[in-house]
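Protein chains in written order, with our numbering: chain A, 85 to 1086; chain D, -4 to 433.
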């Protein structure tokens, strides 16, 4: 390489390829020496050639720093070309020779005063690139002058130089007031100066997230939009990218900006187009959907996006990655443009794969025939990855467009006939999904699949095939033989296949118990005794126990109906998608990852969000996971501090004896405990796991006597995951709860914590009268929580308030490290223990959790009263939601008042505090109502019958000691009840009434 | 922003390395070489992330250009910049080859210093750059940097609103050339069904005009014609298409986009010399100049019979040129026998294809080739993928139907009028990806 460096300089001089052999044979040392001599030559030409040689050596990675003083000596020249070369050298080596670099300062300072603007700019541009502290000091004055230079070329260069200086010494830039000067440049008359100032400010602002440096307001936005029309293509990109960070005040401003940005969609530069698309996609969120302009804008977006596909392949790739996001966010834009995504034979592979992805996203009933024909074509291509993806795509079409399923299946069968190994395997994997989506529809193809059993060598395909055999065991005559053949090499299989084989054989056994007993014994012992894999072993034991104790239950569990698989796969989680939309055109949109995933340091860690409609509530700032701070800052200041209203509530009620009731003390110490959940919650989770309650899984044989007398009523966890899951190894999240719940007797009343409560849930059947518990509702939709869905309810079981939740992982990755925390609330509800999710929650899996609650947490009155704000943390993020609990679960067991006390209290409470409600359409007799209410700790103290009307006098006590007195009037034949409630804290009446209604109607 | 820019030869040796940001070290140069240039596998993405550093690359012949960054940069911009960089280099020294890069390395450094500042692209119009960055390596400048007026003229042009044109250009003969260059793309099923077809066209202009001329370009854009009313539509309706529906178009930065957006008129002050005025795309009513009708028959496992008919579908007075039909053959082909009515056909074993070339062909004609392909028996289970038959050609009309209606030139300050300008218009339709599956 060094050769050409020398050679090319020679070539220039002599215009020939002749080489001086003597010159090239010199050692490195000699060469440097020679260069040194040339650099100090008197002849200008020779000097210049020498510098060129130095630069050439530098380029190829040779260390020519020894020549520093000699090169710097050449700096004082009026030859601009030579000067530029010397500067280039300086930028490279100044850092390693800081002391000598000072020698250059004088020339720089002098050059900054040169009458030629090109030289002034060159000097300030180069100085900014020399990262030596001492030089930086000298840079300030020239830079200040250059920022106000009369020549725009110098100003635009100086603007960028501020960003350079900020990168070296941010404090200096602030102290010197350069930021203000830079801000002034936004109003410069020259568009290029404006554009560079915007670029510099945007970059500086990125490292000061909260500085409000860019201070975008309608006036500056207007200036930017004006400059947008006049500056270079690159300047337009800087400005558009900056605009995208602005949030318009209202939809009118949003529309007017959009109107001024849309012409950019016709720019020849794809980056201008995509940046404009970014601004439009973002601001569109704020436009009302019924607005005419909204529709116009949508229409305008499609053509430029399609045009991007006729650009060079690299740009096509970037465009396709972005279109993939845009299609997920707004499918309507490109729904008619399917054809442009058809793959061309000569497309580079990266373009092909991306096009395929988008084709599937756009597939619909209208175009499925075309799509399928294309996919079939692709499945015969050469590139293995592409072919696999095409085959998989056919399966995805089948699942997405029901009408096409049959055609897809027959296409897949055709492909299987080609016998190309990877095509067959891929086809089998997708056919399994089709079976799950349309059960009992396409079993006729099983025979064909079975023919290819031998050619399957990939775990995923083997697992899929085994699942199919197990699932349809009753229809495959030789299912036992097929499965047995897999069993031979059991220990060589991957975990995925082993788990699947275990489940499949158990299924087979449940379906054909007579002939397969031996097989099932074999697989159970292989899984439990000979395996080192805990997942496999545990699953084996669970099956074993289930089968040995209650085959009926086993059947219910293993052969349960499977949850439907979703139509769309590979969807980006909504919050991430929103963020990526804000990064259209950038690397983040290419990687489909937030910038924080690939950018080091502080830059780009701020999460961008779409404005307006999409998420004001859930998208409150929670920049990084694990920060507990987000929770404490959640409540807005509207609510008066504790001890105000609710404090009164508490004080009011000291009359009745509260011997056994929980202390209604809103102690602040408890808050600490709660905080710890998110902070050190992980540790406590880990701690719990390392000391599990004595589950005799590994020591006892499955037939152990204490198990056999169990009546394992199927608990209400979702059994599907046990038998139906195909996901893979860590699918046992629910499984842990399962065996335990089936055998509560083996537990010797564990101390505290969560696990035992979990069992209580299972054993809760023994309660005298089920307290009212509303059905589960979705509290946190997966859309808002990066794929975590939480639905839940509250219940009071055996005197313990429980929050019962179903956590479902709808994301693509495993979730772990769950923890929960409540905001302060009206009744001081707080988790009494950590959230018990011991195993990772794998995709598409659900787990049931019961969280015992205490009522000794910090108190603050909420609106509505029974509102509870919850924060749930997992390894991905912290999520917030609020839910309402039925107040009836706060009714304590000792809420029965003495008759006398009742009468006295009723009279004592002023009539103003009485409220009356109607409960309509309730058909219970007064006795039935009474006993039903009793189940929820509403106690009837007396009953009177007056003129065919039953009057029930009832009392209940809340956890914080508030008594509520009620009169329930029931008239025979009239389905409308009347409830009168009297309470010293009338705020609760409304809630109590709602609970009455819910309890009675349930 | 861009942290550094490297140029490599095909062996992965660095020819140019310019680092703009402190976070990019020398090891980045090697990382790209090892992981991308020397990678065994085919390139799977033009963007590569190696140890939290992102590399963008494009290739020109066997030269690699790579931009490096550690930040979340505008990826589209980086690629656009790399292409622009190639354009600028070509404008200065022609083809981008190892030889040329080496011979002009000082110039390239000078350019890189000018058009990329701290990783931010700056004015990269060659017209402007050539006024102050000259090929010193070949001819030395007479006056280093001219008079004060000249200097400020340079800077105002580089930063100004009309960065693509300098003032004071004079020609004795004011002349302009318009080329409408279209590439017509087709994907057809074996049964002759059009799976997808589109034209991507470019209007390329060579302008030799004095002063700062204001130009207005008009074509038979459906929206404009419809807006102007039905006036002329009855005159020669039916003879040829009156107007065409343009799906989308993009313009050189000299065109006033806001004016196009509001009035759909294309007005601009053109750069001097060669440039691309606009690009457009149409999908409706495309004239497909050729139709390919393939017939492939497998005779047993060792023989293949292929017959391909091509039909020209345009006015018989016009002549198509440089026609080439490429018929792929299986990898295990052992011999091919060919019979064609017109032109020359050859089996090229190295390209796994039969290449049939016809120099000229008039409209409304057809021609045919038959081939017998002998195959070696193989035990490869996979069937031959049957790549599509592709075609190349050139026709003297615009397959989209685009017509230039006018190009008006106004230069109020100088004494020449629109009539004095000599204007030339030419239409060329070429095949893009023109494929028929068989």
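Yeah, the Cβ is synthetic: ideal placement off N, Cα and C, and Gly gets one too.
Item: Start and end of the alpha helix (DSSP H) containing residue 26(D)?; Value: 22 to 27
Item: Helix, strand or coil: which one does DSSP assign to residue 0(D)?; Value: strand
Item: Within 10 angstroms of its Cβ, does residue 872(A) collect 16 or more other Cβ (buried), or is it exposed?; Value: buried
Item: Under 8 Å Cβ-Cβ, which residues of chain A neighbour residue 104(D)?; Value: 139, 168, 169 and 172
Item: Can residue 276(A) and residue 154(D) be called in contact, C-beta distance under 8 Å?; Value: yes
Item: List, in chain order, every chain A residue whose beta-carbon is nearer than 8 Å to that of residue 382(D).; Value: 429
Item: If you draw a straight line from the alpha carbon of residue 489(A) to that of residue 524(A), how long is it in whole angstroms?; Value: 13 Å
Item: Please check if any C-beta of chain A sits within less than 8 Å of the C-beta of residue 444(D).; Value: Lying outside -4 to 433, the shown extent of chain D, residue 444(D) is not represented and no answer is given.
Item: Taking residue 193(D) as part of the beta strand (DSSP E), name the residues at either end of that continuous run.; Value: 189 to 203
Item: So the candidates are 65(D), 318(D) and 319(D); which of them puts its Cα closest to the Cα of residue 15(D)?; Value: 65(D)
Item: Using a Cβ-Cβ distance under 8 Å, would residue 33(D) count as near chain A?; Value: no
Item: What distance in whole Å lies between the Cβ atoms of residue 357(D) and residue 311(D), which are believed to be in contact at a cut-off of 8 Å?; Value: 6 Å
Item: Using the beta-carbon count (16 or more within 10 Å), is residue 366(A) buried or exposed?; Value: buried
Item: For the region 200 to 212 of chain A, list every residue whose C-beta sits within 9 Å of some C-beta in chain D, in sequence order.; Value: 200, 201, 202, 203, 205, 206, 209, 210 and 212
Item: Can you list, in chain order, the residues of its chain whose CB lies under 6 Å from that of residue 159(D), leaving out five sequence neighbours each side?; Value: 120, 122, 249 and 266
Item: Please confirm whether residue 265(D) has its beta-carbon closer than 8 Å to some beta-carbon of chain A.; Value: no
Item: Considering only heavy atoms of the ligand FAD, does any lie closer than 7 Å to the CB of residue 877(A)?; Value: In the structure on display, the ligand FAD does not appear, and there are no ligands present to speak of.
Item: Which residue spans inside the region 183 to 256 of chain A form an unbroken alpha helix (DSSP H) run of at least 4?; Value: 201 to 213, 217 to 231 and 236 to 252
Item: List the residues of chain D that residue 351(A) touches, going by C-beta distances under 8 Å, in chain order.; Value: 245, 246, 248 and 252
Item: Contact check, residue 10(D) vs residue 96(D) under 8 Å by CB: the rounded distance?; Value: 5 Å
Item: Does any residue of chain A have a CB that is nearer than 8 Å to the CB of residue 222(D)?; Value: no
Item: Any contact between the region 71 to 90 of chain D and the region 107 to 119 of chain D? By contact I mean 3 or more CB pairs, one from each, below 8 Å.; Value: yes
Item: Do residue 270(A) and residue 282(A) count as a contact pair if the criterion is CB distance below 8 Å?; Value: yes
Item: To the nearest angstrom, how far is the alpha carbon of residue 717(A) from that of residue 1043(A)?; Value: With a pLDDT of only 38 at residue 717(A), under the threshold of 50, the placement of this residue in the model should not be trusted, and no figure is reported.
Item: Using CA atoms only, rank isn't needed, just tell me which of 970(A), 589(A) and 979(A) is closest to residue 1077(A).; Value: 970(A)
Item: Can you tell me where the alpha helix (DSSP H) holding residue 362(A) begins and where it ends?; Value: 354 to 368
Item: Counting only Cβ-Cβ distances shorter than 8 Å, please list the residues of the region 21 to 50 of chain D near chain A, keeping chain order.; Value: 21, 24, 37, 38, 39, 40, 41, 42, 44, 47 and 49
Item: Residue 192(A) and residue 205(A): beta carbons closer than 8 Å?; Value: no
Item: Going by C-alpha distance, which of 541(A), 904(A) and 916(A) is nearest residue 965(A)?; Value: 904(A)
Item: By the 10 Å Cβ neighbour count, where 16 or more other Cβ atoms means buried, how is residue 296(D) classified, buried or exposed?; Value: exposed
Item: Does the beta carbon of residue 461(A) come closer than 8 Å to any beta carbon on chain D?; Value: yes
Item: Under 9 Å between beta-carbons, which chain D residues line up against residue 215(A)? List them in chain order, please.; Value: 17
Item: Rounding to the nearest angstrom, what Cα-Cα distance links residue 421(D) and residue 174(D) in this structure?; Value: 5 Å
Item: Indicate the three-state DSSP secondary structure (helix, strand or coil) for residue 1019(A) in the structure shown.; Value: helix
Item: Can you give me the C-alpha to C-alpha distance between residue 181(D) and residue 428(D), rounded to a whole angstrom?; Value: 6 Å
Item: Give the secondary structure of residue 465(A) by DSSP, where H, G and I count as helix, E and B as strand, and everything else as coil.; Value: coil
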